[in-house]
Structures are given as structure tokens and as C-alpha cells.
Amino acid sequence: MSRRDERRKKVEDSFEEFRLAVAAALGNASREHRELAEERARDMFEVMVRGGGIDRALDDPLLKKALAKEEFSSTVAQAMLDHVNAFRTWSERGPDQLSSLVREVSPAAASWPHESWLGDAGNADGSSVPELWRIGSGVVRSAPEQRPFPVAVPLLDQAHLHVSSTPDSRHLADGLVENLLLRVLSYFQPGLVHVHVWDVNQLTGSLPGLYPLTRAGLLTVHDPSRLHEVLDELSDHIRRVHTSVLVDGHLSVRAVSGTGRRTEPWRIAVLFGNRNALKEEQQQQLQRVARNGLACGIVLVIVDIPVTVNSPIETVTLKADQTATCTMTGKHVTVALDPPFPRTLVPRACATIAEKREERRKRFGTFGDLLPEHLWMESSSAGVVAPVGYQDGEPVSLGLGDTSPHALIGGPSGSGKTNFLYAMIGSLAARYSPDELELYVLDFKEGVSFAQFAPGRKDPSWLPHARLVGVNVNTDREFGVALLKFLADEMRRRADAAKQHEVTKLEQLRAEDPHGRWPRIVAVIDEFQYLFGERDQVTQQATQLLEDVARRGRSQGIHLVLCSQDVAGIEGFWGKSAIFEQFTVRVALPKARRVLAEPNNDAAVELPRWHAVVNHESGVRHGNEVARIPDSTSKDTFDFLQRELFRRRRPELAEPILFDGSKVPALHGVQDFRLLHPGDVTPTVLLGQVIDVAGSAAKVRLARTPGRNVAVVGSLVQDAAAVLGAAAISLGRQHHPAEATFTLCCLVDEAEPAAQKLAKQLNTAGHTVDVVRMDGIRELLDRTAKRLTETITGTASAPPQPHYLVLYAVDAAHTLLEQKDPATRASGLDSLRTVLKHGPESRTHVLGWWRGVQRLKSSLPPGVYDDIGAWVAFDVQGKELISFGPEQVMAWSPRPRRGLYFDRFEHSRPQVVIPFDTGEDIS
Amino acid sequence: MNTQSNGTCEFSVVPLQRTGDGHAHVAEPETRSAVERYKEIIGSIGEAVATMRAHDETRVAELMARLAVSQDRMVDAIEREKVVKLGVALHWESAVEALWEERWLRMRPMPQPDERVPARDQNDYDAAMELAFQALEESLQKRSLLRRKKE
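Protein chains in written order, with the working numbering: chain A, 1 to 923; chain B, 1 to 151.
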């Protein structure tokens with residue numbers, strides 16, 4: 001190699017060395033730079049990932065590419081590992097624990113898929129209540145593994161539900177509410193859950209699938225403009241539960257029911273709003289309902305109404321993106337609501353529930369169901385209480401006692417008042433023996449028939465509790481007064497007895513006097529407004545007595561049950577607030593008005609047939625209990641019970657006194673007649689039956705004193721003949737045969753049959769009877785007057801014997817009698833006046849019939865009427881009678897088959913009498 | 001009801017207004033309501049999230065500190081690279097100039113950085129380059145001296 005070549009090679013080598021050194025220097029610097037940059041990129045990426053959390057980073061589209069890069073894989077892996085570690089406890093157990101918890105506390109419809117229960121009516125009786133109700137499933141967005149778990153909310157007795165949605169997610173809210181309601185409704189026996197729906201936006205259309213429930217009364221849809229009514233109803237319910245259910249210190253309905261059957265149904269109120277706040281007043285009322293409702297079985301489901309409540313409430317928030325969160329699951333859980341149950345199945349399921357409910361209603365609620373297992377086992381010491389009907393298969397009771405002393409029942413014609421009374425009386429009579437309960441029943445009109453309780457021709461049985469049965473009382477308002485008077489007297493008797501034992505109440509008296517017989521008395525007066533029908537003495541007396549009994553009866557165990565079909569009847573009562581206030585028990589039958597405390601309580605107006613509102617709170621709305629009243633008047637209901645009770649009665653128990661205004665009392669059946677016997681020096685005349693509880697006779701004692709004559713005034717022979725006949729026959733019973741003389745003077749033809757009949761009856765009894773007609777009257781009177789004059793003047797040879805002059809139509813003989821004897825200048829009238837004036841002292845008494853008041857006056861000395869001591873007036877006006885009696889006679893106006901009777905020796909005021917039937921007519 | 005920080009509620013079956021002071025409810029595991037139990041299980045999610053976030057926060061703080069440090073190193077590295085490139089450029093220019101006369105030499109472009117070289121102090125590589133440059137100059141020296149003598 002040449003030197004040149006040698007040099008060239010050296011240069012080439014050096015240059016190559018230099019180039020390598022340059023590459024190395026550049027490489028070292030650039031690698032250091034690059035590696036540092038990469039390290040920083042990783043750190044920055046990790047900051048980004050961990051700053052928001054790996055859970056969010058994995059979902060972040062901006063980070064998607066970076067996450068896939070190889071160089072970040074270890075960073076991502078480490079973050080994910082940390083994530084998994086942090087969630088280990090939840091991931092391993094959480095979803096499973098929640099699933100099993102929900103499975104455990106929310107069986108059947110409470111959480112299971114709809115396929116297994118939708119369409120079947122529930123059979124849970126409320127003794128145990130699912131603690132949670134499924135609404136959907138949840139996933140934890142931030143968890144490494146998104147395993148769904150059931151999301152459920154507490155509801156009945158535990159918490160209200162608040163649902164908040166956006167316009168885009170409102171349909172989810174509707175679905176949520178419908179699903180939830182279906183779960184609850186399908187879980188329990190139909191009837192245990194009632195739903196109220198109020199939607200500010202629509203009259204109908206909310207929850208359409210649930211509409212079949214309305215016909216069974218399980219769903220009530222309220223008017224959009226009347227939220228206050230819904231809230232009032234709920235408030236009333238709370239008050240009612242507090243006063244009637246939460247007694248004995250129980251804090252909630254649940255505590256009352258314990259582990260037993262739920263007796264008080266739940267009420268779920270669904271309120272759909274429009275995201276606007278409620279009026280302040282409604283807001284406050286809603287808060288009150290929320291605060292007190294849970295303990296009383298009320299649950300609120302509030303949708304899109306901004307509200308804050310100071311009571312347990314869970315909230316479900318539905319977002320526009322159709323996801324949801326829930327306070328049960330917190331902010332980390334995304335809730336996917338269960339889809340709405342199939343459209344076609346929902347109405348069908350509700351129809352099934354409604355049908356079952358109706359079936360159940362019918363099953364529980366016959367007259368037989370009202371009766372206890374064992375008859376006559378209850379004590380009425382503290383009061384009487386008995387179921388009268390059913391509400392959702394639960395008995396609704398009516399109680400009469402110290403706190404609810406009297407009842408007022410209202411129901412127009414055809415509303416089932418008779419049926420209600422029969423149910424009430426039957427239920428009471430089955431529980432309390434006749435020694436515990438006595439009944440006094442009275443109906444003024446034919447509307448209600450209490451005749452069933454008295455022995456009848458077809459059915460000889462009678463209700464052993466009934467002590468008095470008054471039917472067809474009609475215009476005999478005096479009988480109502482008589483009953484009240486009897487009750488007032490009995491009340492006084494009991495008060496006196498209590499006083500002797502130094503106690504005040506019947507309950508205490510019974511404790512002090514355990515062997516005494518102190519039954520509670522329930523007096524039922526139907527169409528009681530007739531009592532106050534006119535402005536007269538009767539109304540005045542009735543008002544006084546009613547007030548007395550109403551006020552003081554409670555502590556003596558005397559209870560009034562007043563019924564009326566007529567608004568006017570109640571209206572008339574309103575004015576008498578002192579009386580009215582005592583009637584704390586109100587029963588309103590369909591369409592009844594004013595019985596309850598209207599206008600706030602019009603519950604009865606829309607009531608279906610066979611139902612009644614029973615209210616123990618003076619008719620205030622919250623006291624309302626709607627009851628279905630079983631058929632108690634059909635064959636084999638009450639009549640069957642009565643026969644059974646009749647069979648069990650004590651043999652010595654007397655029949656009830658029957659007062660039937662449409663029947664003529666029989667003289668021979670009257671106790672007072674049966675007690676008459678010969679031997680009394682002062683015989684008693686029975687004129688008719690007075691209107692009293694005992695069915696006593698109107699009596700006139702014919703003492704040997706002036707004025708003891710009896711006049712009957714009226715135009716009808718039938719009335720007069722009945723009074724004269726009864727009078728003569730009753731006198732005949734008090735004399736031995738032939739002891740007394742009866743002279744019957746028949747002065748008009750139409751009286752002939754009556755006179756003949758009487759003559760025959762007296763003859764049969766062995767008495768001497770003379771029958772005289774117009775041609776003999778003058779002679780009879782002159783002869784009698786002469787004999788009397790002799791007796792008075794002491795020229796008579798024999799002591800006076802009883803002589804009764806029964807004169808039919810005295811006034812018919814006036815013209816004849818007015819003729820004067822040419823010799824003595826004395827007229828027959830003078831003789832009549834002598835007989836009237838002096839007869840009674842000599843045991844000669846006139847029982848006479850005059851066909852008018854003026855005609856009677858004509859028979860008497862002018863202006864001197866005291867020879868007629870007792871009289872019975874029929875078809876004459878009261879003012880005509882003023883000369884013969886006290887001013888009260890003014891009020892008398894004639895009515896068929898009733899007379900006004902007054903005895904100036906005995907009475908301060910006149911009485912109404914019913915003429916007797918004196919026996920068989922002459923054939 | 002007590003609203004907790006996570007927005008959930010604590011429940012009792014008895015509404016609030018009915019629980020008096022004297023009836024404070026002592027929770028026994030078996031008597032707790034399903035709601036309480038449910039919420040307790042749900043509570044572990046919150047705990048997990050909190051644990052995770054806390055861990056992340058610690059790690060992020062560490063990283064931020066590291067980044068602050070590496071930021072300075074990065075500045076140095078960039079600066080250093082700049083200086084190296086400048087030095088290389090100067091040497092290369094000198095070398096090209098020196099080799100200009102050597103027409104026989106097939107000139108080759110400046111090499112790309114060779115990052116495969118072992119990581120060493122940059123000064124070592126700078127010094128090596130300087131030595132290589134001097135060696136190159138030396139290899140060209142003789143001719144130059146002769147030429148200088150001629151001149």
C-alpha cells in the first residue's frame with residue numbers, strides 16, 4: 001500500500017470514528033430526553049385516571065384510546081387492581097346479601113316477578129307485612145363488576161314515597177306507582193288496601209289499569225280541584241283511628257293488630273302534582289297527614305309535588321335520561337325501574353281483586369254473622385255494643401253506653417231503616433239476655449213494623465226483650481209521651497236506688513246491688529218527629545220529657561234510639577240543641593241528610609243500598625264508619641233468631657205490652673176490667689183505654705157525691721155506644737145479680753142495636769135491665785126524680801139501691817121533656833135535672849149520650865154544669881168544651897175513634913181515650 | 001328520621017313523633033328492620049368508593065410530586081440535548097471544512113442519534129466526540145504540513 005493510500009485509509013477511519021461519536025453523543029442526549037418524557041406521560045396519565053377514578057375513566061370516551069395503549073397498561077392494571085380491592089367487600093357479598101334480604105322480607109307479590117302472581121288475589125291477612133316492596137334493580141356504576149341487585153322501598157306502616165320526575169321521565173313515575181300499587185294490592189286479601197288517587201292534571205286517566213278497582217270501592221279517584229277533600233278525608237281517618245282504634249295506649253294500628261289479622265285497612269293516597277308547590281295551607285295539611293298517617297295505616301305516594309315532610313319518606317328521582325336514583329340505595333347506585341306490567345294483564349288483575357273483594361264482602365255479612373257464638377253471654381253493666389254490619393268483612397259495631405248514650409237514625413223511605421233496626425235489635429238481643437237489656441219500641445207510622453216483636457196470629461213467638469211494642473201509633477202522639485214518661489219515671493226509680501247505695505250510675509249500682517235486676521233500657525221511637533208535630537200540649541210535654549231522659553238517662557242505663565225518615569223531623573230537632581247534643585251516635589242511611597254534621601259530612605248522600613254510616617262522634621266526619629247492613633228482615637233471619645230467643649226465655653216472663661193504634665182494645669182483655677169485682681161501695685166505670693204504657697183504662701169512680709154522672713158528647717152512635725157499653729158492663733161486673741138496676745133509654749133508632757146488645761150482655765150477667773124508649777122517658781125521669789126527692793127529704797121507705805140510667809141521645813127527647821105538666825107546671829127537663837143533681841148521692845147515676853155540647857148544656861140548668869163530673873167528647877171542637885173543663889181542652893181537635901176524657905174530680909188536664917170493643921155484636 | 005351525609009335516611013318503624021326519650025331504641029342485630037339492614041349493605045358501596053377515592057388521592061399526590069421533580073429534569077435534559085446538538089453541529093461543520101480538500105473522500109451525511117448506546121454521562125460522549133474530532137484532524141495533519149511547507 002502506498003503512503004497516500006495509507007493516509008486516505010486513516011482519514012476514512014477517523015471520519016467514521018467521528019461519525020460514531022457524533023451519533024452516540026446525540027443518541028445519549030435524545031434517549032435521556034425521550035425516556036424522561038415517557039415517564040412523565042405515564043405519571044400524568046395516572047393522575048388523570050386516578051384523579052377522576054378508574055371507574056369513570058373507563059367510561060370516558062376521551063380516555064378510550066389512551067387506556068388501550070401498551071405503555072399505560074401497567075398503570076391501568078394497577079388502578080384496576082386497587083379498584084377491585086376497594087370494592088372487594090361489596091363485590092363479594094353485597095348484591096347477594098341484598099337479593100337474599102329482599103327475598104326474605106318481601107315474599108310473593110312484594111318482590112317476585114309478575115308472572116308468578118299478577119292476576120291472583122292475595123291472601124295475606126295483614127298479620128305480617130312485607131318490609132320492602134320491589135321497584136326495580138340497581139347497579140353500582142363505580143363498582144368493578146356491575147352485578148344487578150333488587151331495589152325495594154319500605155311502604156306500609158313504615159314510610160311514605162316521594163317520586164320526582166322530569167317531563168321526559170314522568171311516564172316512568174306512572175309505571176313505578178302502578179307497579180308498586182299492584183304489588184301491594186295483590187299481596188293482601190282484597191279490601192285490606194284502599195287506594196285514593198288525586199291528579200292535579202286530570203279528572204280521570206291516572207293509573208287507568210287500576211280502574212276496575214273502583215267498583216269494589218278499593219280505588220277512589222278524586223277531583224283535581226279538590227285536594228283539600230282528599231286531605232280532609234285522610235285527616236278524618238287519622239282522627240277516627242286515634243279515637244276508636246288507638247285506645248289502651250297503643251301507638252299505631254300495627255301495634256293494635258299485633259301479630260293478628262289486620263283489622264284496619266291501609267289507605268294509600270297517590271298524589272300526582274305538576275312540580276309546582278302546593279298552597280301553603282294544603283302543604284301544611286299534607287305534612288300533618290304525613291306526620292300522623294303512618295301510625296294510622298296511611299301511606300302517601302307523592303309524585304312531582306315539592307314537599308318536605310317530617311316523617312320517614314323515601315325518594316325516587318327519575319332523570320330525563322330514564323335512569324333513576326333512590327334514597328334507599330344512595331348516590332352510587334343507578335336504579336333501573338321494573339318495566340310496567342303488561343298492559344293487558346293489569347286491568348284483568350284488578351278486576352279479579354275487585355271480584356274477590358265483592359265475594360268476600362258478601363261472604364262476611366249475613367245476618368247470621370252478626371250473631372255471637374253463644375247467646376246471651378254479655379253483660380250490659382257498662383253499656384251495650386253489638387255489630388250492625390260489615391265494612392270490608394270487618395264488623396262495624398254500634399254501642400250505647402255512658403259516653404254514647406243515645407242514637408239518632410236518619411233514612412228516607414226505602415233506605416233500609418227497618419232493616420237496620422232489625423239488624424241492630426237482633427244483634428243486641430242475641431248478645432244480652434232479657435235481664436241485661438229491655439226494649440221499648442214504638443213506630444208512629446206504618447213505615448217500620450215492630451209488630452214482629454209482639455205475639456202475632458201467624459207467629460206466636462215474641463221477642464223476650466221487648467217490654468212494650470207500639471205500632472201504628474199515628475196520631476196518638478200521647479203514646480209517645482206516655483213512653484217518655486214511663487222512661488222518666490224508671491230513670492227516677494233507678495236514680496233513687498242508686499242514691500240509696502250512695503252511687504250515681506247504673507254501672508256502680510249494679511256493682512253495689514249484684515242481685516238486683518237492672519237491665520239497660522233501649523227505647524226505639526221510629527218517626528219520632530211526629531211527637532213534635534204540632535204546637536200543643538203533647539209537643540211541650542214530649543220536649544220536656546225527652547230532654548229529661550236524654551240528659552239524665554245515660555247514667556241510669558236508659559238509651560233512646562230515635563229514627564226519622566223525614567228531614568223535617570231532624571230539622572225540628574235541630575232547634576232543641578240541648579236534646580240533640582246528647583245523641584252522639586248517628587246513623588245515616590243512604591240519602592239521609594242532616595243526620596250527620598253536614599255540610600262537612602255528607603258521606604251518606606252517595607251511600608249505596610244496604611249501607612249505613614255509623615258515627616259515634618256526633619256526626620263529625622272523622623267518626624264515619626261505613627257499614628254494609630245484612631238483610632235482617634227476610635225469612636229465616638230475625639224471625640228465626642226471635643223464635644230461638646223465645647224458646648230460651650224464662651217461662652214466667654210476661655208478654656210485651658202491645659199498643660196498636662189501628663186496633664180497638666177489647667174491654668174484656670184489659671187488666672183493669674179483670675180486676676173489677678162486686679163489693680166495692682164506690683163502683684168504678686171504665687170508659688175506654690187511656691194512652692199509656694200499661695194500657696190502663698180510663699176510670700171514673702162513682703162515689704155517692706154530687707156530680708158523679710158521665711156524659712158522652714159526640715154525633716156518632718158507634719163512639720157513644722162503645723163508651724156507654726163499657727161503662728155499663730164494667731159497673732155490672734161490680735154488682736151481684738139483681739143488686740143493681742140498669743135502665744137503658746134508647747131515644748134514637750140508630751142506638752137501638754147498641755142498646756139491645758148492652759141489655760143482653762147485662763142480662764146475661766144476671767142484672768135487672770129495663771129498656772125504655774121515647775114513649776117512656778118522661779115517666780122514667782119523673783118517677784126517678786120523685787124517688788130521689790123522697791130520699792132526700794127523708795120520706796123514702798127503703799135505702800137507695802144502685803140505679804144506673806144509660807141514656808142514648810138524651811137531646812132527642814128535649815122537645816118532649818120541655819113540655820110542662822099542666823098540673824104541677826114541672827117539665828120533664830126539670831126531672832132530668834133533678835136526677836142529675838141529686839141522683840149520685842142516692843146511688844143513681846146517669847151515663848148519658850148527648851149529640852152536641854150545646855145540647856148537653858140545654859139539659860143542664862143554665863150556666864151550671866157541675867152535675868156532669870166526667871165526660872168523654874168525640875167529634876166536637878175543643879173550644880166548645882171550655883165550659884166543662886180546663887183550658888187545655890182548647891187544644892183538642894177531633895180524630896176518628898178517639899175521645900177526650902176529663903173527670904173534674906180527678907184530673908188537672910184531659911186525657912185521650914180509645915173506646916173499647918165491648919164484645920160480640922148481636923147477631 | 002335522620003338524614004345522613006350520603007342522603008339516605010335512618011328509619012324506625014315507629015314514626016318520629018311517637019318515640020319518646022325514655023323509649024330510645026337499642027338496635028339489636030336481629031331486631032333491626034329490613035330497611036336498616038338494606039341500607040347497611042348499601043353503605044358498603046359508599047365505603048368502597050371512599051376507600052378507592054382516598055387511595056387514588058394519595059397516589060395522585062405522589063405523582064404530582066414526582067412530576068414536579070421530573071419537570072426540572074426534563075428542562076435539564078432538553079437543555080442538554082440542545083447543547084449537544086449545537087456542539088455536534090460545530091464539530092461537524094469543522095470536520096466538513098477540514099475534509100473539503102480531500103476530494104477523493106466520499107462524503108457521508110451527519111449520522112442519526114444512536115439511542116442504543118449505553119446510558120452514560122453526556123460529558124463522556126461529548127469528550128469522546130471531541131477526541132474523535134481531534135483524531136480526524138490529526139489524520140489530515142501531514143498533508144497540511146507539507147502543503148504549508150510548499151507555500
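Built from N, CA and C at the ideal position, the CB exists for glycine as well.
Because the structure is a prediction, the values reported are computed rather than measured.
When the beta-carbon positions are compared, A/G410 and A/R477 stay at least 9 Å from each other. Contact check for A/L300 against A/L172 fails: the beta carbons are separated by 9 Å or more.
The alpha-carbon of A/L781 is positioned some 23 Å away from that of A/G714.
Looking at the DSSP output, A/N276 sits in no beta bridge, so it has no partner there. Short of 6 Å from the beta carbon of A/E358, and not among the five residues preceding or following it, lie these beta carbons of its own chain, in chain order: A216.
The region 435–450 of chain A and the region 599–614 of chain A do not touch, with fewer than 3 CB-CB distances between them shorter than 8 Å. Using a Cβ-Cβ cut-off of 7 Å, B/L140 is close to V11 of chain A, given in chain order. In summary, A/H559 is buried, with 16 or more beta-carbon neighbours lying within 10 Å of its beta-carbon over all protein chains present.
Annotation: A/T263 to A/R586 spans about 22 Å, alpha carbon to alpha carbon. Boundaries for A/V620: no beta strand (DSSP E) harbours it, and the DSSP string shows neither H nor E there.
Comparing C-alpha distances from A/D120 to each of A/G623, A/G293 and A/E355 shows the shortest one belongs to A/E355. Scanning chain B for C-beta atoms nearer than 7 Å to the C-beta of A/W90 yields S44, I45 and A48, reported in chain order.
Counting the other Cβ atoms within 10 Å of the Cβ of A/N201 gives fewer than 16, which makes it exposed.
Against chain A, the beta carbon of B/S70 has neighbours under 8 Å at L36, E39, R40 and D43, listed in chain order. When DSSP states are grouped into helix, strand and coil, A/D125 belongs to the coil group.
In the structure shown, A/S91 adopts helical secondary structure according to DSSP, grouped into three states. In this chain, the alpha helix (DSSP H) harbouring A/F420 covers K417 to R431.
For A/T824, same chain residues with a beta-carbon under 8 Å away, outside a window of 5 residues either side, do not exist.
In this model, B/A61 and A/E38 are separated by some 19 Å (Cα to Cα). B/T31 has a beta carbon lying at 9 Å or more from every beta carbon in chain A. Per DSSP, A/W198 lies in no alpha helix (DSSP H); the unbroken beta strand (DSSP E) holding it starts and ends at V193 to D199.
For A/W117, same chain residues with a beta-carbon under 6 Å away, outside a window of 5 residues either side, are A108, A109 and S186 in chain order. Straight-line measurement puts the Cα of A/D199 at about 44 Å from the Cα of A/E92. In this structure, DSSP gives A/Q801 a state outside helix and strand, which the three-state scheme calls coil.
Taken through DSSP and simplified to helix, strand or coil, B/L90 comes out as helix. Between the C-alpha atoms of A/A143 and A/L36 there is a straight-line separation of about 34 Å. Note: A/Q500 is not bridge-paired with any residue in the DSSP secondary-structure output. In the DSSP assignment, A/E438 falls within the unbroken beta strand (DSSP E) covering L437 to D443. Positions of the beta strand (DSSP E) runs, each at least 3 residues long and wholly inside the region 851–888 of chain A, are given as 870–873 in order along the chain. A Cβ of chain B is located within less than 9 Å of the beta carbon of A/S30.
Within the region 24–97 of chain A, the alpha helix (DSSP H) runs of at least 4 residues that lie entirely inside it are, in chain order, 54–59, 64–68 and 73–86.
The DSSP assignment places complete beta strand (DSSP E) segments of no fewer than 3 residues inside the region 260–305 of chain A at 266–272 and 298–303, in order along the chain. Only residues of its own chain outside the window of five on either side were considered, and among them A66, F72 and T75 have a CB closer than 8 Å to the CB of A/F45, listed in chain order. The Cβ atoms of A/Y804 and A/T705 lie no closer than 9 Å to each other. By the rule that beta-carbons nearer than 9 Å mark a contact, A/M1 does not touch chain B. Secondary structure at A/E104: helix, using DSSP grouped into helix, strand and coil.
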